[in-house]
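Written out below as structure tokens is the structure these notes cover.
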Amino acid sequence: MCRQACPTDTFIQALLDSIPERVLSSGLYTHSSLEKRFEIVFNECRKSAFLPDSSNIFSAWLSRAYGSMTHFGEKPKYTTSSEFYQSGTEGMSTKDLLIQARYFIDRRSMIEAVRCMLQLKGVPRTLAQDWINEARQYLEVEQTCQAIYAYAMALAMGQIL
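For the sequence shown, my numbering assigns the number 1 to the initial residue and increments by one for each residue that follows.
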């Protein structure tokens with residue numbers, strides 16, 4: 001619809017071209033569905049948080065059992081986005097990163113949650129990768145929509161003045 005409304009506007013066309021073809025054909029998860037999916041990913045990552053990269057079936061089972069019994073209800077290391085961005089994720093364990101990501105999800109701060117999940121390593125990262133990809137696509141499209149809206153508002157303000 002935007003393409004037909006602004007066929008000669010190169011800025012709008014460039015923004016629309018930045019949306020991946022897969023998103024155009026298959027759609028996106030909503031913010032709330034990504035939050036719900038996060039809980040599933042969180043639980044799977046929690047169960048595998050203690051799993052070494054090179055493990056056998058017994059150690060995988062043991063890690064999942066231990067991870068299932070481990071309580072991840074502690075407080076996050078950072079309580080604001082600015083603290084998180086200033087301090088970074090250096091020295092944070094898988095458990096810390098998952099707790100921090102859940103904290104940001106609970107506060108509807110998807111971008112910070114994705115940043116935490118991107119720092120995971122090994123099996124938890126592999127388990128979280130699909131969610132990370134979907135959340136990044138959501139954020140990219142959201143940013144594109146915000147840019148189109150801001151541009152349209154600027155054009156409207158220019159016509160009013």
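Every residue gets a Cβ at the ideal spot worked out from N, C-alpha and C, and that includes glycine.
Can you name, in chain order, every residue of its own chain whose Cβ lies under 6 Å from the Cβ of residue i, other than the five neighbours on each side?
| i | result |
| --- | --- |
| Pro-76 | Ile-99, Gln-100, Tyr-103 |
Measure the C-alpha to C-alpha separation of residue i and residue j and round it to an integer number of angstroms.
| i | j | result |
| --- | --- | --- |
| Leu-161 | Tyr-151 | The predicted position of Leu-161 is uncertain, since its pLDDT is 41 and thus under 50; no value can be drawn from it. |
| Ser-32 | Gly-158 | 36 Å |
| Gln-13 | Val-141 | 14 Å |
| Pro-7 | Glu-83 | 43 Å |
| Ser-18 | Thr-144 | 8 Å |
| Thr-126 | Leu-120 | 9 Å |
| Met-92 | Asp-9 | 46 Å |
| Ala-219 | Glu-74 | Because the chain is modelled from 1 through 161, residue 219 falls outside the range shown and cannot be assessed. |
| Leu-28 | Glu-90 | 31 Å |
| Glu-134 | Lys-36 | 13 Å |
Ignore the nearest five residues each way along the sequence and tell me which others in residue i's own chain have a CB closer than 7 Å to its CB.
| i | result |
| --- | --- |
| Pro-124 | Cys-45, Ser-48, Ala-49, Thr-94 |
| Ile-132 | Val-114, Met-117, Leu-118 |
| Ile-111 | Leu-139 |
| Asp-96 | Lys-77 |
| Ala-128 | Val-41, Cys-45, Met-117, Leu-120 |
For a test of the three-state rule: what should DSSP assign to residue i, helix, strand or coil?
| i | result |
| --- | --- |
| Gln-119 | coil |
| Gly-88 | coil |
| Thr-30 | coil |
| Ala-49 | coil |
| Pro-76 | coil |
| Pro-7 | coil |
| Phe-93 | Correcting the residue type first, residue 93 is Ser in the shown sequence and not Phe. Reduced to three states, the DSSP call for Ser-93 is coil. |
Enumerate in chain order the residues of its own chain whose CB-to-CB distance from residue i is below 8 Å, with the five nearest sequence positions on each side excluded.
| i | result |
| --- | --- |
| Ala-147 | Leu-15 |
Looking at C-beta atoms only, is the number of pairs between the region 13-23 and the region 111-129 that lie closer than 8 Å three or more? no
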